[in-house]
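See structure below.
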Amino acid sequence: MKQLKLLALVALLVSTSCSDDDQGSGPIDQSGIFKGPEVSVYEGKAWTWVALNTKGEPEKIAIAINQDALNSMPAEDGETPGGHDHHNNLVLTFDAKAEATLFKHVWLNWNPNGHPPTEIYGLPHFDLHYYMVDKAERETYTDAGKLDKSLDADYLPANYMGVDPVPAMGKHYVDMTSPEFNGQVFTQTFIHGSYDGKLVFLEPMITLDFLKKTTSFKRSLPQPSKYQKSGFYPTSMRVEKVGQVTEIILEDMVYKTAS
10 MKQLKLLALV ALLVSTSCSD DDQGSGPIDQ SGIFKGPEVS VYEGKAWTWV ALNTKGEPEK
70 IAIAINQDAL NSMPAEDGET PGGHDHHNNL VLTFDAKAEA TLFKHVWLNW NPNGHPPTEI
130 YGLPHFDLHY YMVDKAERET YTDAGKLDKS LDADYLPANY MGVDPVPAMG KHYVDMTSPE
190 FNGQVFTQTF IHGSYDGKLV FLEPMITLDF LKKTTSFKRS LPQPSKYQKS GFYPTSMRVE
250 KVGQVTEIIL EDMVYKTAS
């Protein structure tokens, strides 16, 4: 009996010691860079990645396109010039760890002939939609009234104007202070997008020429005064060439509360 009591006491001490060790170890480090699946883009590849801090909060979210893809994008697509081309659209998904972000998928659109207004956006470029909804929901965006319904001004940065409602995409809002609206040639810009009066995507729009020639570029992103959904929002965009890969990164994330 004494031996059984002694064994029980030893087991209790070991259990307590392990529990104390667990408590002393602190929170689990959730940091890392988590890459999404690769998708073929003509002769190359594209994919997404997300960088999380030790708490599992998003610090950066990105689209990566390798040089083989950039060098093999077709100059023509057989579509009517000046129209959104739905032939060169690719869906990129995220690693499961990206659930910490607001974003659910990327829709990468290649426009070899540009799109309206062609006098401004007629150059070969990518539309890089970071969507806050999944692909299935986005594809239901076909109601004309909901497509045309605008975001309230408080949920848009100053000087953004609504244009171009596109089925299965959303209504676009462009920054009227961007260089291309003020006498300069279009190279890159940043767009917001909505459906039924709700923000559903953020969109870097960048020319092929800019992506090929740029090794490092960073710009701030205008912010609205209010947010419809709580979460981490990017306040900067960076284009960075790393070896044979060009990355379009949304970063400097700041948590915003819905209001």
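Each residue of the sequence shown is one higher than the one before, counting from 10 in the numbering used here. Just so it is clear, CB atoms sit at the ideal spot from N, CA and C, and this is done for glycine as well. This structure is a prediction, so every number in the text was calculated from the model and none was measured.
| query | result |
| --- | --- |
| N191, buried or exposed, once every other Cβ within 10 Å from all chains shown has been counted against 16 | exposed |
| Presumed contact (8 angstroms Cβ cut-off) between G202 and V194, rounded CB distance | Contact doesn't hold; Cβ gap of about 24 angstroms is too wide. |
| Any beta strand (DSSP E) of 3 or more consecutive residues that is wholly inside the segment 35 to 90 | 41 to 44, 48 to 50, 53 to 61, 67 to 75 |
| Bridge partners - I257, DSSP secondary structure assignment | I72, V248 |
| Between the CA atoms of K44 and K106 - distance to the nearest angstrom | 9 angstroms |
| Limits of the alpha helix (DSSP H) - the one that G154 falls within | 153 to 157 |
| Cβ neighbours of E256 in the same chain (closer than 6 angstroms, five flanking residues each side left out) | A71, A73, E249 |
| Limits of the unbroken beta strand (DSSP E) element including W180 | Sequence inspection shows Lys at residue 180; the Trp mentioned does not correspond to that position. Per DSSP, K180 belongs to the beta strand (DSSP E) from 179 to 184. |
| Host beta strand (DSSP E) of E1 (start-end) | Beyond the ends of the chain as shown, which are 10 and 268, falls residue 1; an answer cannot be given. |
| Counterpart residues of M170 in DSSP-defined beta bridges | V183 |
| Residue of P176, K144, D143 minimising C-alpha distance to D158 | In the sequence on display, residue 158 carries Lys and not Asp. When each option's Cα is compared against that of K158, the closest is P176. |
| Buried/exposed call for N118, threshold 16 Cβ in 10 Å | buried |
| Chain-order list of residues whose beta-carbon lies under 6 angstroms from that of M185 (same chain, five-residue window excluded) | N168, M170 |
| Closest residue to K238 among H124, V263, Y130, G53 (Cα-Cα distance) | V263 |
| Same chain, Cβ closer than 7 angstroms to D143, five either side skipped, listed in chain order | K113, H114 |
| Segment limits, beta strand (DSSP E) that includes T127 | Taken as a continuous stretch (DSSP letters only), T127 belongs to no beta strand (DSSP E), being part of the alpha helix (DSSP H) at 127 to 130. |
| Contacting residues, own chain, Cβ-Cβ under 7 angstroms from L165 (five flanking each side not counted) | Y182, H201, P233 |
| Through-space distance from P46 to R247, alpha-carbon basis | 21 angstroms |
| Expected contact under 8 angstroms - CB spacing of W58 and I42 to nearest Å | 6 angstroms |
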